[in-house]
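Report on the following structure.
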Amino acid sequence: MKFRTFAWFVGPSVLMMLLFIAFPLVSVFLQSFQVTQPVVETVEVETCTPGFVGQTCVTETKTTPVLDANGNPVTTTEWVGLLSYTRLLQFDQVGAAIASGAFSSILAIDFWKALRFTLTFTLVTLPLVIGLGLAIALAVNNAARSVRGQIIFVSLLPFIITPVIGALSIRWLFYGDGIVTALLEDMLATDISVAANGWAIEFLMMFYRVWHVAPFAFVIFYAGLQTVNQDTLESAIIDGASRFERLRFVVVPHLMPLIIFVALIHLMDAYRAFEEVVGFSSQAHRITLQWLTYDLLTPDDAGNRAISRASASAMLTMIGIVILLIPLLRRTWRDHKGSAR
Amino acid sequence: MTLRTLMMAGMVSLLPVSAAQADCAFENETPVKVLSAGFEAWKAVTDAMAECGNVDAELDQEFRTKQPAAFAANPSLYHIGGVANGTITPLLNEGTIRPLDDLVAEYGENLAPNQLIKVDGQTMAIAMMVNTQHLMYRQDIFDELGLEVPTTWDEALEVAAQIEEADVVDYPLGATMKSGWNLAQDFNNMFLGYGGQFTDAESMPTVNTEAGVNALEMMKALTEYMDPEYLVSDSTYVQQQFQQGKIAMANLWASRGAAMDDEAESQVVGKVNAAAAPLAMEGGAPATTLWWDGIVIARNISDEQAQAAFRVAMEGLDTEMVKANNDAAIWLISGYQPNRLAEGAIATASAEPAPPSYPSTSQMGLMHTALGNELPAFFTGERDAEATLAAVEDAYITAAQEAGLIE
Amino acid sequence: MATAKAMQQPFSLRFASASFLTLWCLIAAFPIVWIAVMSFKSPVDAFSANPLNVVFGPATRADGNGLSLLDIAVGLAVLVGAGRIAFTQLPRWVARFTPKGLIVVGWLVGAGAFAAAFLLVFFGLLPPVLAVLNSIAGPLGTPIIGLTAEHYYAVWVENQFWRNFQNSLIVTAGVVTVSLTVGTLAGYGLARSGSNLAFWILIVALVFRALPHSVLVAGYLPVFINSAEILRPILGENAPTLYGQPLAVIAVLVAINQPFTIWMLRSFFQNIPNELDEAARVDGCTHFQAFRWVIMPVMWPGVITTGLFSFLLAYNDLLVTSLLLDAQNQTMVPAIAGYFNRETTTTDQVEAVAAAVSITAPLFLLVMVFQRQIVSGLTAGAVKG
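Residue numbers (my numbering), protein chains in the order written: chain A, 219 to 559; chain B, 2 to 408; chain C, 83 to 467.
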């Protein structure tokens, strides 16, 4: 294919990605090395606010931004190098923690706490999603044809439901006196408080993620199972391969590209997990990297937002995901060179 | 009385509310757009404004993210903004709202003097309601056990112990301690109650002090009597705990009072009363902050638009609206009849010394965020009080340096 | 035959497989069924700790809202009947009445008509008929399960949720159409080019897909709000404010979804033999003509599957839509999130649940209709590579 034709085909898509992804990304990259601040001055201000009957007036010194002739705040932008990254990573505290042997206090620093959880979350759910997806696919493939449609339909429900709603629907079963918790309390005759226990929340968040994504893995694997080469299977049977051996040496290798595809998608999605933190209100116990970025970007009541640190956190998240993806990317490179002309 | 008759009674008592419709005194020709938070009081006010015609109200849960940017645009995307004493800060700082003195002189004849929010002598906002966290308690349980309503938090601990002993509810106490904004606000209340100051004159943090430690220790002591899931409990959760009869008292927002008597949701109708927020220490102010909600007018619009917007806003804040929605808030507007559950808020606001208004400064915004992020570690037991407060100060200093407030 | 015998599964395996599937279906459906049950109860019942109270709804029943045995029997019969029609009759009717090539449109029309008919029968016809039947049925006609549709009424009628529904339709339809148009072209181009540039585009797209959305979205907001000012030098007085415009949100969502779309479609096109379009090119077609006349007729399974994923993304998005749309153009998911803000009540929450259940219904229909296409589309190769 000539470059011109190629450009015509790919152009619109690339343009959209450049405009709405690459361009903001570059600005995020630059902002992570900059700090933009308003020029401030301290002034004496008298503020009067209402009580129920009278009014209280207080005079206090306030820091307010300087406004220019048009009434817009004057700001300065400085290049600060890696300052925002150091503020986020807090190496001095990490060093102190290692020196004193108190490793657990590293996990009290937001970034490391988020990184620890995000990695655990991603790596624990990955095999579960693939395993469960594969198991469902095999079982459905095994089921009578007459009920397959209905089973596929039910199985897909957790995947299609709006993520926030899905998370809430599971949260309501467990939090407070949710019915599952109430049931467990009755059975074990103890008092259970799911939301008071970090590990219980962590488990619940992983459970939700597996519940939500396994159907996606399932439907992909199920589609793959439809194309398993029957001849190979039959010859394996003739060779006396047991059921498990057939699965191990014929079916799984056939599904391998799909398993990698699902792993790829899942790694990316789980690494930027966000809905779980919101849905399960887990901020006190567990946070993820994307939630940390989001939290830094959320303005407080006074309108402050930590854009530089948020940008740094976003860049670090991205570096992390690229590292995780490298093994899979190398394989794609080989395929690309192999398959296309 | 069965639930059904209760429902009927509720329906009847609600009917006049929905039937009464305030009319607008003038026909509005200029399109006016409003951006505010989405709670009940704002619904009432914006509905009343809409009767003037050409009013487009947006009640958005993301308003605090959108408002500063939308008001800074030229022309401003909205004419009227709904603000509280916290969220007015960015608008004031960036100068995106206009002084209202001329408009008040011309159209504000019905406003009470305490509704005018003045900054350096200029009226910058019109307050419509106040809100505060104060003590709500189950009168029936207190009567049954012969308990006195606590006036200090130490007494509250004793009372909670007695309620626990009697085993009449699941948990004696509830609190809005969801990690993040709510938890930080709960700390603010207690910290101010112990006479704490958040920052000094140079904007440096001063929370790692005796007041800070006292506040944390008291909060920790109170959690012994709470649902162990208190770190996910926001106002709605506490309100539900009350409604389902699971708790006996809580320091809760006055705006939540009406829900206690809502027959459709509550199993404790008429049993919940309100009192002033308890003191943290003898001779101090009630351990709480005063909040107001009100309206501002954008700077980047024409004077005609500002005039129309202000007139529409005055129609929204009139006596008829208050009469139709009396229980939706603790209104500052004339015509408001305080009900049983408003007594606590009024007692809190008129206590001597009075609790401070929530400080609307950039420093406070940063401090609030730092507190919200760092305090949970204390309650999960990962850090002790002093280490936690030191972490809060570190987080604040980092953020303040980034915001250019300190060197 | 030996193979047939070897394929024959021992009872234990079949039993294990069947019970595993049953368990999975239970876990998959339970939370969703449960919120559906909650949405029909009064707030007191919905958040009760006792599951029996949630199911039977004593407080709801006490308000005079309930279902009798008769109601349940008739309702279930209608539901089962509707389900059977959806799974067996509907595909046949669609196949019979749709001209070739318009099968997607046929399905959409069919599904829409089916949904409308179902709603009419279930909510329009049944209640009055059953009210009459209940009054003459005696004990069979007395309510045993508390049930109320008041939250649905509050959501759809009082809170005008249909506006949000309409906005969701606009955004979703826009995203799916644009995303597929742009994506098929790119996917085809990438599949047929072995150049390093193509590879790097794919890799960069992959990295883009991994980006945390919150970062991008926060970057858009100030630009979108001030776009009138920014674009005025170029476009003059007609420069639009992008904030609040469904079109702008569609563009953003399409861009965010492009990486996944082009990857899916590329691997799908890779499985269409190269010889097919090469033959056309030998006959003198350009690449575009080959694409139009040779590839387009065979690409539908892959496009439908990819389209479904685009649909889910646009329909379920919260982060982008909640920040970039104003109230007039708000879609359903942020509207539901609005029920959970700082100042909610229990009633608001149950209304949110009702809204959540109602927005799941179209997804139900969609999957019911396209289920076969999803599987066949995936089988046809969209995920082989």
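Yeah, the Cβ is synthetic: ideal placement off N, Cα and C, and Gly gets one too. What you are looking at is a predicted structure, and each value in this text was computed from that prediction instead of being measured.
- Note on geometry: alpha-carbon atoms of K280/A and R305/A lie some 26 Å from one another.
- Legend: CB atoms of the stretch 506 to 537 of chain A lying less than 8 Å from CB atoms of chain B belong to residues D513, T516, P517, D518, D519, A520, G521, N522, A524, S526 and R527.
- Check the Cα spacing between L405/C and each of G389/C, V451/C, F342/C and V334/C: the tightest is with V334/C.
- Comparing C-alpha distances from I338/C to each of V372/A, I239/A, T223/A and P230/A shows the shortest one belongs to I239/A.
- Identification of residues in the stretch 230 to 257 of chain B having a C-beta nearer than 8 Å to some C-beta of chain C yields D235, S236, T237, Q240, Q241, Q244, Q245 and S256, given in sequence order.
- Counted as a single uninterrupted DSSP element, the alpha helix (DSSP H) harbouring N215/B occupies residues E211 to T224.
- For I298/B, the enclosing beta strand (DSSP E) has its first and last residue at L291 to I298.
- Straight through space, the alpha carbons of A71/B and L372/B are spaced by roughly 28 Å.
- The beta carbon of S458/C is closer than 8 Å to those of P383 in its chain, skipping five residues each way along the sequence.
- Around the beta carbon of D409/A, fewer than 16 other beta carbons sit within 10 angstroms, so the residue counts as exposed.
- At a beta-carbon threshold of 7 Å, the residues of chain C lying near N75/B are E311, ordered along the chain.
- The continuous beta strand (DSSP E) containing D57/B extends over residues V56 to L60.
- Within the DSSP bridge table, the entry for V35/B names A58/B and I81/B as partners.
- Following the DSSP letters along the chain, one finds M250/B inside the beta strand (DSSP E) bounded by residues I248 to W254.
- With 16 or more neighbouring CB atoms inside 10 Å of its own CB, N135/C falls in the buried class.
- Across the set M381/C, P341/C and L347/C, the C-alpha of M381/C shows the shortest separation from the C-alpha of L358/C.
- Taking the Cα of L152/C as reference, the smallest distance to any Cα among P209/C, T142/C and V187/C is reached at P209/C.
- Identification of chain B residues near G420/C by a Cβ-Cβ cut-off of 7 Å yields G39 and Q62, ordered along the chain.
- Shown here for V214/B: same chain residues with a beta carbon closer than 8 Å to its own, the five before and five after excluded, namely A386, E387 and L390 in chain order.
- Contacts with chain B at 8 Å (Cβ-Cβ) include A409/C.
- T66/B reaches chain C at L303 and L405, counting residues in chain order whose Cβ is nearer than 8 Å.
- Note that the stretch 98 to 107 of chain C touches the stretch 348 to 366 of chain A; at least 3 beta-carbon pairs, one per stretch, sit closer than 8 Å.
- By the rule that beta-carbons nearer than 8 Å mark a contact, R490/A touches chain C.
- In the three-state reduction of the DSSP assignment, L174/B falls in the strand class.
- For N360/A, the chain C residues whose Cβ falls inside 9 Å of its Cβ are Q91, L95, R96, S99, A100 and L103, in order along the chain.
- Minimum Cα-Cα distance from T320/B among the listed residues A330/B, Y337/B and W293/B corresponds to Y337/B.
- The alpha-carbon of D487/A is positioned some 47 Å away from that of I118/B.
- Cβ proximity to chain A below 8 Å picks out N374, P377, A378, F380, T381, E383 and R384 from the stretch 371 to 387 of chain B.
- Scanning T266/C, R374/C and N398/C for the CA closest to the CA of G229/A turns up T266/C.
- Under the 8 Å Cβ criterion, the stretch 204 to 222 of chain B does not count as touching the stretch 307 to 322 of chain B, having fewer than three qualifying pairs.
- Contact between A288/B and Y226/B does not hold, since the beta-carbon distance rounds to 17 Å and is not under 8 Å.
- Beyond the five residues adjoining it in sequence on each side, V269/B comes within less than 6 Å, by CB distance, of G246 in the same chain, given in chain order.
- Among the residues of chain C, none has a CB under 7 Å from the CB of A202/B; the nearest is roughly 33 Å distant.
- Between E316/B and A26/B, the beta carbon gap of about 6 Å places them in contact (Cβ cut-off 8 Å).
- Contact between V239/B and G175/B holds: their C-beta atoms lie close to 4 Å from each other, under 8 Å.
- Considering only A131/C, P304/C and Y235/C, the residue with the shortest C-alpha distance to A434/C is Y235/C.
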